[in-house]
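Quick note, in our numbering, the sequence shown goes up one by one and the last residue is 583. Positions of the beta carbon are idealized from the N, C-alpha and C atoms, including for glycine. First the structure, in the form of structure tokens, and then the observations on it.
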Amino acid sequence: MRKRVTDALALWFPDREFFMRSQGQIKFVKVSARLQMTVAGAVVAALLLWLVVTLAMLVSQYSISMERMALVQRQAEIESSASRVKAYRSSVEDVAKDLEKRQAFLEDIVTSYIGEQAAGEDASAVVGAMDKGSSDEAAQTARKISAMVPEAAGLARMEARQIAFVEQLTRAATVRARNAEQAIRKFGLNPETVARASASAQGGPFIPFKGSGNARLDPRFTTLGQTLARMDALERGLVAIPSGTPAVAPAITSGFGYRRDPFTGAAALHSGIDFKGAPGSPILAAAQGKIVFAGVKSGYGNCVEVAHGNGLVTRYAHMSSIGVRVGQKVDKGERLGGMGSTGRSTGTHLHFEVRHNDRAMNPRPFLEANRDVLKIQAVAEQRTDDAAR
């Protein structure tokens, strides 16, 4: 091994001779292999030393940066705690007004998004957590205020419990939003697209939330609002996904996909599902929505189309009668008309389609949603009905 290294160095650094001519005289300068290796070694050592020094400087700067960030964060926590102590000292009455407004804010959120039963369960969980001695920042601040401003001890504990309640509600809303996302994916739809399309239109003058003095809303309240808004958009979108049975006593006679055309015998795409039934049998809306077409459509005969948002439309064809009008809003399971055999039909049946951005989709996954999806839909529908009342 040593001989190989020696041979390699001999190849890299052979003895070299240089010819120099000056004023008619020629001089020979010889650079030995040892001198070349010494110079090369010195250069490599200098480079390694530079790299080590540079790396040490980077590590030192990173360490200093992390220490500064930790110091700033700690200082912010101290200032936040100190500001609350100062607020309590300046006016306990003003702080009480702020807490009352916070409480009204929480009650409004619970009523609009969570429901009284869920709120009661969450409140019990929060009380239990606080009784066990929470070590979070809000509880620490409450203890500090109680020690420095004894007359405000009750209000400080109430504020800490409110913040803990907000965190509990945020976790509950996050879980519900995640469940709605998973349910939407099982229909083959993109949850983000559904959430954006289902977000409620908002507006009005800017009236900032504030209590007495210059009190600001705790950031955790803002996080709760954003989480609930996302949960609401996802659940509203989930409610509008068609999953109800469009006929009272469905008997599927033809599925979605390519089949032999009943009139010509040629291969053709069947863009929906056929349900057989008695003439006049009720045809029901598969989900809540708005009637966008009610009349005669070529090939479909008497036809009704219901828009459900997010680009989803359900189509009900070959009807004997139509019982709705364009622009009318319908709920899931509401009667749209009667089963018939109008249009291009060989007998009494319902031709049912689900279209997304005017592209036909297989309705079967929508009608065969598993129990978990239907349960989430039912909860979302109930909350929507409660809010409407």
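DSSP, read as helix, strand or coil, puts Lys224 in strand. Boundaries of the beta strand (DSSP E) around Asp468: 467–470.
Counting along the chain, no beta strand (DSSP E) covers Pro413; the unbroken alpha helix (DSSP H) around it starts and ends at 413–433.
Remark: fewer than three beta-carbon pairs, one from each stretch, lie closer than 8 Å, so the segment 424–437 and the segment 465–474 are not flagged as touching. In the DSSP assignment, Phe487 falls within the beta strand (DSSP E) that extends over 483–491.
Contact check for Ile485 and Val524: beta-carbon distance about 7 Å, within the 8 Å limit, so the pair qualifies.
Going by DSSP, Phe560 is part of the alpha helix (DSSP H) stretching over 558–561. Residue state for Val247 is assigned as helix, using DSSP reduced to three classes. By the neighbour-count criterion, in which a residue is buried when 16 or more other Cβ atoms sit within 10 angstroms of its Cβ, Ala239 is exposed.
For the pair Gly493 and Arg538, the CB atoms are nearer than the 8 Å cut-off. A residue is called buried when at least 16 other Cβ atoms come within 10 angstroms of its Cβ; Leu300 meets this threshold and is buried. DSSP places Ala511 in the uninterrupted beta strand (DSSP E) bounded by 506–511. Counting only the Cα atoms, Ser259 lies some 48 Å from Arg198.
Tyr510 sits away from Leu561, with the two beta carbons spaced by 8 Å or more. Rounded to whole angstroms, Arg296 and Leu363 show a C-alpha spacing of 14 Å.
In this structure, DSSP gives Glu499 an extended state, which the three-state scheme calls strand.
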